[in-house]
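Please read the structure below before turning to the comments.
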Amino acid sequence: MSDPAPSIEWILQHLGEEDPVLGAVTPPIFQTSLFVFENCEDFARSFDYTGEGAGLYNYSRVANPTVDLVCRKIAALEHCDEAMVFGSGMAAISAAILSQVEAGAHVVAVDTCYGPTRQFIAEYLPRFGIEHTFVTGTDADALIDAIRPSTKVLYLESPSSIVFRIQDLETICRAAREKGVTTIADNSYSSPVFQTPHDIGVDIIVHSATKYLSGHSDVVSGALATDRERMKRIMLGELPLLGAILPPFPAWLLLRGLRTLAVRMEVSQVRGNAVARYLSARPRIERVFHVGLAEHEDRTLVEKQMRGSTGLLSFMPECQVKDRIFAFADALKVFRLGVSWGGHESLCVPLPYHPIDWPEERWLIRLYCGLESPEDLVADLEQAFAASGL
Ligand SMILES: Cc1ncc(COP(=O)(O)O)c(C=O)c1O
420 MSDPAPSIEW ILQHLGEEDP VLGAVTPPIF QTSLFVFENC EDFARSFDYT
470 GEGAGLYNYS RVANPTVDLV CRKIAALEHC DEAMVFGSGM AAISAAILSQ
520 VEAGAHVVAV DTCYGPTRQF IAEYLPRFGI EHTFVTGTDA DALIDAIRPS
570 TKVLYLESPS SIVFRIQDLE TICRAAREKG VTTIADNSYS SPVFQTPHDI
620 GVDIIVHSAT KYLSGHSDVV SGALATDRER MKRIMLGELP LLGAILPPFP
670 AWLLLRGLRT LAVRMEVSQV RGNAVARYLS ARPRIERVFH VGLAEHEDRT
720 LVEKQMRGST GLLSFMPECQ VKDRIFAFAD ALKVFRLGVS WGGHESLCVP
770 LPYHPIDWPE ERWLIRLYCG LESPEDLVAD LEQAFAASGL
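In this note's numbering, the protein residues as written are 420 to 809.
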């Protein structure tokens, strides 16, 4: 096979698969916990995970060929030197943050980041003497001003959870780099198809690979991509010591899901855009939060940083009566009530939300548009509005 420029499609279908085992187009699963050796010299070398032993597998808590293949693809997709996959997005996120902090350190984070990430920073890290400041992500100056001499991590999520706010990654990362602060960004919502934050200065990219990367709602997984030096630290620390690497079978499922990532992203954004436009044109809706809308408050940044929108959006109904909102969600037939997103199926989550820059908590309805037709999705919402009177 020739070596064309590594387009996303080429990475997804061919990278790392130039020499298929027995000609199999689907790589085998190396479903093994350990590897044995013919001689002590190789066995000894295999413990030097990040040096001479790279490529010599000895134990699947540290490295496995099926896992490696997925990592190579994710690293290439994110334009990073290296990647690692974990047992969940939270395992990747916690490993990324822990690899950069020590007692006495300080973390600056975007207020509207994923809830358990926020909880990890706000409630878990203080047990080890690590402080934090949450800042509204749309205010780049506020994020930069929050950096202290002890700040080690600036945690970003763009678009962010629930309200899909955008951060000015280039400006923030330039300032962070000047101050020696590591930037970490959750890229789950865009996927590397629509955004490659490393290109604009983010040091560590994290993913809930449970979502778009795997894409079929059948595997919980996480990913982290970064430069060689930072990955070395993780390979010698968080990876073997916290022990949260993705096992071979889920890694193989993730690989299977990745094959269609580019196609699914295109389809998902068409659905997301159609549903967002429909909601924006409806009466009795106060706000629609979707990066694909022309009226998105961070439109200039969306156009600068992203190559597409997503299938995720939220809306704030004028009627804030909880029972009416629940009646709307109960009436949906195509959108199912459920957490998570990124799979084939459309989902709905009604939730109260209160970012630090809102005066009060408001009810939002988050929708994830899967692979159903846009007409079916809009018709489902229309009948649920009629049934609930929302
Ligand atoms: C944006 C985002 N980041 C991280 C996570 C955590 O990922 P996981 O559930 O795979 O641990 C989620 C899960 O919903 C998420 O939506």
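Glycine included, every Cβ here is placed at the ideal spot set by N, Cα and C. This one's a predicted model, so the numbers in the text were calculated from it and none came from an experiment.
(message) At 4 residues or longer, what runs of the alpha helix (DSSP H) sit wholly inside the stretch 599-685?
(response) Qualifying alpha helix (DSSP H) stretches, in chain order: 610-613, 647-655, 657-661 and 667-677.
(request) Within the same chain, show all residues whose beta-carbon is closer than 8 Å to that of Met420, passing over the 5 residues directly before and after it, in chain order. (result) What you label residue 420 is simply residue 1 of the sequence shown in a count that begins at 1. Residue confidence for Met420 is low, a pLDDT of 46 falling below 50, so the modelled location carries little weight and cannot support an answer.
(message) From the DSSP secondary-structure annotation, give me the bridge partner or partners of Arg706.
(response) Numbered from its first residue, the sequence shown carries residue 706 at position 287. The partner list for Arg706 (beta bridge, DSSP) reads Met735.
(request) Give me the Cα-Cα distance between Phe456 and Gly641, rounded to the nearest whole angstrom. (result) In the sequence shown, counting from the first residue as 1, residue 456 sits at position 37. In the sequence shown, counting from the first residue as 1, residue 641 sits at position 222. Near 30 Å, if we compare the C-alpha coordinates of Gly641 and Phe456.
(request) In angstroms with no decimal places, state the Cα-to-Cα distance between Phe668 and Leu453. (result) Within the sequence shown, residue 668 is the residue found at index 249, counting from 1. Within the sequence shown, residue 453 is the residue found at index 34, counting from 1. Rounded to the nearest angstrom, the two C-alpha atoms are 14 Å apart.
(message) Which residues does DSSP list as the beta-bridge partners of Glu501?
(response) As a first step, residue 501 must be located in the sequence shown, where it is residue number 82. According to DSSP, which records beta bridges pairwise, Glu501 is partnered with Thr645.
(request) Apply the 10 Å Cβ neighbour rule to Glu810 and answer buried if 16 or more other Cβ atoms are within range, or exposed otherwise. (result) Not covered by the structure: residue 810. The range shown for the chain is 420 to 809.
(request) Compute the distance between the beta-carbons of Gly691 and Ser636, then report whether it is under 9 Å. (result) Position 272 of the sequence shown, counted from the first residue, corresponds to residue 691. Position 217 of the sequence shown, counted from the first residue, corresponds to residue 636. Going by C-beta atoms, Gly691 is not nearer than 9 Å to Ser636.
(message) On the CB-based measure, 16 or more other CB atoms within 10 Å of its CB, does Gln724 come out buried or exposed?
(response) Along the sequence shown, read from residue 1 onward, the residue named residue 724 stands at position 305. Buried.
(message) Please state the DSSP three-state secondary structure of Ala693.
(response) The sequence position of residue 693 within the sequence shown is 274, counting from 1. Helix, per DSSP.
(message) To the nearest angstrom, how far is the alpha carbon of Leu731 from that of Cys532?
(response) To locate residue 731, count along the sequence shown from 1; it is residue 312. To locate residue 532, count along the sequence shown from 1; it is residue 113. Spanning the two alpha carbons is a distance of roughly 15 Å.
(request) Using the DSSP secondary-structure output, state which residues sit across from Pro769 in a beta bridge. (result) Position 350 of the sequence shown, counted from the start, is the residue given in the question as residue 769. For Pro769, which the question treats as bridged, DSSP gives the partners Ile784.
(request) With a cut-off of 8 Å on the beta carbons, I'd call Ile704 and Leu712 a contact; round off their distance for me. (result) Locating residue 704 in the sequence shown gives position 285, where the first residue counts as 1. Locating residue 712 in the sequence shown gives position 293, where the first residue counts as 1. Between Leu712 and Ile704 the Cβ distance is about 12 Å, and since that is not below 8 Å, they are no contact.
(request) Taking all protein chains shown into account, decide if Asn785 is buried (16 or more other Cβ within 10 angstroms of its Cβ) or exposed. (result) For this step, residue 785 is matched to residue 366 along the sequence shown. Sequence inspection shows Arg at residue 785; the Asn mentioned does not correspond to that position. Residue environment: Arg785 is assigned as buried (16 or more neighbouring CB atoms within 10 Å of its CB, all protein chains considered).
(request) Return the bridge partner residues of Glu791 from the DSSP annotation. (result) Indexing the sequence shown from 1 puts residue 791 at position 372. Beta-bridge partners assigned by DSSP to Glu791: none are found.
(message) So, at 7 Å on beta carbons, what are the nonlocal neighbours of Arg584 in its own chain, with the 5 sequence-adjacent residues on each side left out?
(response) On the sequence shown, position 165 is the one that residue 584 refers to. Counting only Cβ-Cβ distances below 7 Å, and skipping sequence neighbours, we find Thr531, Gly556, Thr557, Pro578 and Asp717.
(message) With the cut-off set at 9 Å, would you say Ile448 and Ala670 are in Cβ contact?
(response) Indexing the sequence shown from 1 puts residue 448 at position 29. Indexing the sequence shown from 1 puts residue 670 at position 251. Closer than 9 Å, so yes.
(message) Three or more C-beta pairs under 8 Å: does that hold for the stretch 511-525 against the stretch 558-571?
(response) yes
(request) Would you mind sorting Asp795 into buried or exposed? The rule is 16 or more other CB atoms within 10 Å of its CB. (result) Here residue 795 corresponds to residue number 376 of the sequence shown, with the count starting at 1. Answer is exposed; the Cβ neighbour count stays below 16.
(request) Kindly identify the DSSP beta-bridge partner or partners of Thr552. (result) Here residue 552 refers to the residue found at position 133 when the sequence shown is read from its first residue. Answer is Val527, bridged to Thr552.
(request) State the DSSP-derived secondary structure class of Arg755, mapped to helix, strand or coil. (result) Position 336 of the sequence shown holds residue 755. In the three-state reduction of the DSSP assignment, Arg755 falls in the strand class, which pools E and B.
(request) Pull up the CB-CB distance for Val621 and Leu575, whole angstroms please, since I reckon it's below 8 Å. (result) Within the sequence shown, residue 621 is the residue found at index 202, counting from 1. Within the sequence shown, residue 575 is the residue found at index 156, counting from 1. About 7 Å separates the two Cβ atoms, so the contact holds.
(request) Determine, using beta carbons only, whether His617 and His773 come nearer to each other than 9 Å. (result) As a first step, residue 617 must be located in the sequence shown, where it is residue number 198. As a first step, residue 773 must be located in the sequence shown, where it is residue number 354. Not a contact, by the Cβ cut-off of 9 Å.
(message) To the nearest angstrom, how far is the alpha carbon of Gly523 from that of Glu780?
(response) On the sequence shown, position 104 is the one that residue 523 refers to. On the sequence shown, position 361 is the one that residue 780 refers to. Rounded to whole angstroms, Gly523 to Glu780 spans 33 Å at the Cα level.
(request) Kindly give me the distance between the Cβ atoms of Gly762 and Gly634, rounded to whole angstroms, as I take these residues to be in contact under 8 Å. (result) Counting from 1 along the sequence shown, the entry for residue 762 is found at position 343. Counting from 1 along the sequence shown, the entry for residue 634 is found at position 215. Contact flag correct, Cβ pair sits at about 6 Å.
(message) So for Thr570, helix, strand or coil by DSSP?
(response) Taking the first residue of the sequence shown as 1, we reach residue 570 at position 151. Reduced to three states, the DSSP call for Thr570 is strand.
(request) Can you tell me which of the three DSSP states Tyr476 falls into? (result) The sequence position of residue 476 within the sequence shown is 57, counting from 1. Looking at Tyr476 - three-state DSSP - the assignment turns out to be coil, as it is neither helix nor strand.
(message) Taking only three categories from DSSP, how would you classify Met420?
(response) Walking along the sequence shown from the start, residue 420 turns up at place 1. Interpretation of Met420 is limited by its pLDDT of 46, a score under 50 that renders its predicted location unreliable; no figure is taken from the coordinates.
(request) With a 10 Å radius around its C-beta and 16 neighbouring C-beta atoms as the bar for buried, classify Pro736 as buried or exposed. (result) Your numbering for residue 736 matches position 317 in the sequence shown. Result: buried.
(request) Figure out for me which residue from Arg678, Met650, Leu756 and Gln538 has the closest Cα to the Cα of Val612. (result) Numbered from 1 along the sequence shown, position 193 holds the residue referred to as residue 612. Ranking the options by Cα distance to Val612, first place goes to Arg678.
(message) Once the 5 residues before and after Ala803 are set aside, which same chain residues still bring their CB inside 6 Å of it?
(response) What you label residue 803 is simply residue 384 of the sequence shown in a count that begins at 1. Closer than 6 Å at the Cβ level, and outside the excluded window around Ala803, lie Phe747, Ala750 and Leu751.
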